[in-house]
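Enquirer: What the sequence shown shows, in this note's numbering, is residues 2 to 428, in sequence order.
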Amino acid sequence: MSLKSYLENTVLEEVVCPGCSLLCNDLVVKISNGEVRVVEGACSHGYQAIKTYSMDSRLRGFTIGLKNVDLEETVRKSAEILSSSSKPLIYGFDECSNKAIELGLKVAEKVNGIFDTPPSICQPLMPLIASGDIELGVFEDVLDNADMIVFWAANPAETNLRHASRYSVMPRGNSVPLGRENRIVAVVDVRNSWTMKIAQHQIKIDLGGDVEFTESLDRIYDGKPLKTSRYTGAASSLINDIKRARYIAFFIGHGLILNGNVNDTILSIVNILRKIGASKRITLTPIAERINSMGAAQIPYKLYKYSHALKFSNGSIEYNPVSTSAYGGLLRGDFDAVLLVKTDPTTHLPLSASRKIPFSKTIILDYRETVASSRSQIRVPLSILGVEASGEVIRSDGVPTKLEKIIDERENTIHEEEFLRKLLEYL
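1. If leucine 340 sits next to leucine 83, beta carbons under 8 Å apart, how far is it from one beta carbon to the other, in whole angstroms?
2. On a CA-only basis, which of Glu216, Ala147, Tyr222 and Asn175 is nearest isoleucine 185? Give me that one, please.
3. Can you list, in chain order, the residues of its chain whose CB lies under 6 Å from that of phenylalanine 152, leaving out five sequence neighbours each side?
4. Just to confirm before moving on: does the CB-CB distance between aspartate 211 and threonine 266 stay below 8 Å?
5. Any idea which residues DSSP pairs isoleucine 115 with across the strands?
6. To the nearest angstrom, how far is it from the Cα of glutamate 15 to the Cα of cysteine 97?
7. On the three-pair Cβ rule with 8 Å, is the region 84 to 94 touching the region 264 to 282?
8. Could you tell me which of Gly316, Tyr307, Val394 and Arg220 sits nearest to glutamate 405, measuring between CA atoms?
9. Measuring straight from C-alpha to C-alpha, what distance separates glutamate 370 and isoleucine 204?
10. How long is the line joining the alpha carbons of phenylalanine 336 and glycine 42, rounded to whole angstroms?
11. Taking C-alpha atoms, which residue in Leu24, Ser55 and Cys44 lies nearest to isoleucine 408?
12. Per DSSP, what kind of secondary structure is tyrosine 368 in: helix, strand or coil?
13. Hey, quick one: how far does the beta strand (DSSP E) through methionine 149 stretch, first residue to last?
14. Would you call the region 248 to 263 in contact with the region 277 to 295, where contact means no fewer than 3 C-beta pairs closer than 8 Å?
15. Taking the alpha-carbon of threonine 245 as reference, which of Ser397, Gly278 and Tyr302 has the nearest alpha-carbon?
16. DSSP has glutamine 203 in a bridge; who is on the other side?
17. Let's see if you can read the secondary structure: which residues bound the beta strand (DSSP E) around asparagine 10?
18. Using the Cβ count rule (16 or more neighbours within 10 Å means buried), how would you classify valine 454?
19. So tyrosine 368 packs on isoleucine 379, CB below 8 Å; how close in whole Å?
20. Contact between the region 22 to 38 and the region 408 to 419: three or more CB pairs below 8 Å?
21. Do cysteine 25 and histidine 46 have their C-beta atoms closer together than 8 Å?
22. Do serine 294 and tyrosine 302 have their beta-carbon atoms positioned less than 8 Å apart in this structure?
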């Protein structure tokens, strides 16, 4: 990020956008008197993320119950709740810096708790990436060389708005000098989507029909007779273009989790990709849900060999998503204390689970007012990563990326890393 100063105004160039997991690094931000005045180059998500610092719904002041307290009292009371708990849950972190994720894991280990993150398509990919069964498609490489793009259970036209225009479909690259005209685009989804409008192959499958569709692709690719399948025509047409392509970049989205049996689905996709990849370049990259969903899966996996749902117990680790996940534990009413970091479980976990959060023993770290923050016993107002605070995250293609602060943090806010360090000192 470069900086130019003109009298009272500051122009920041090559700013990394905190709006989504693409982390676009070409924004221009104009600042005057400590306030963001202009944001150039961002999509609506990015603009909104940067302007969040000035919204009325910011979490303000350290509070315990209805009482305003100072930072040290907040840390001391938080440590007291967690250390006296028999079954604490440490949850969130997919909008945090990599260092904060590491610190959150240390907190969970220190208090013999469960560490978990919101459901993400990145989580089931970690063992496959580590074993070399799949290769992530680095965005710049996709831009330059991929002549076929496949979006599967993903709709970046609504979730990652610049995906197609900046990296995957529209730009001209070394091997695709005409950009969009040189690329074949396919979308596989259970419903019609905005992304389908830019695709030559618009393939609509039934909910849960992913494995059946990959089996059709597999048999057609091998030239074998097909079993009865409603996907014969679509699969045959897609395979014809796959055989002609040199470099195929697959992007899979959160829809695979919603379709059910995500592990079997991903394995069926990987199996056909492995076969195709014997004669051409194939990459498989998640369209990560939040700004650091990739880091929230990758860091636990690198440190402990599990991407989520880790249960710490006196130096040992247990992993069984049925029994060691936040969702399962909440359903059973297991937890007697909760630390939430930049997340609101009431927005993405079923009511049957989120209603059992013990809010009277819940500490929340966030920069915004949420349903969860309004009910939590301890509230810690955070600075905004990539706006008021710096930190490294991991782009959804696996590339570590530094987010830099562009303005000073607001009064009575704290960086998540600093609070978690202080909490560890008290535990």
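Even glycine gets a Cβ: it sits at the ideal position worked out from N, Cα and C.
All values reported here derive from a predicted model rather than from experimental measurement.
Expert: Short version:
1. 6 Å
2. Ala147
3. Closer than 6 Å at Cβ, skipping near neighbours: Val188, Thr196 and Phe252.
4. yes
5. According to DSSP, which records beta bridges pairwise, isoleucine 115 is partnered with Leu90 and Lys312.
6. Rounded to whole angstroms, glutamate 15 to cysteine 97 spans 21 Å at the Cα level.
7. no
8. Val394
9. C-alpha separation (whole angstroms): 40 Å.
10. 44 Å
11. Ser55
12. If DSSP states are grouped into helix, strand and coil, tyrosine 368 belongs with coil.
13. 149 to 153
14. yes
15. A small correction: the amino acid at residue 245 is arginine; threonine does not occupy that position in the sequence shown. For the residues Ser397, Gly278 and Tyr302, the minimum Cα distance to arginine 245 belongs to Gly278.
16. Val188
17. Its beta strand (DSSP E) spans residues 10 to 16.
18. Shown here, the chain extends from 2 to 428; a query on residue 454 therefore has no answer.
19. At roughly 15 Å, the Cβ-Cβ gap does not stay under 8 Å, so tyrosine 368 and isoleucine 379 are not in contact.
20. yes
21. If you check the CB distance, cysteine 25 and histidine 46 do not come in under 8 Å.
22. no
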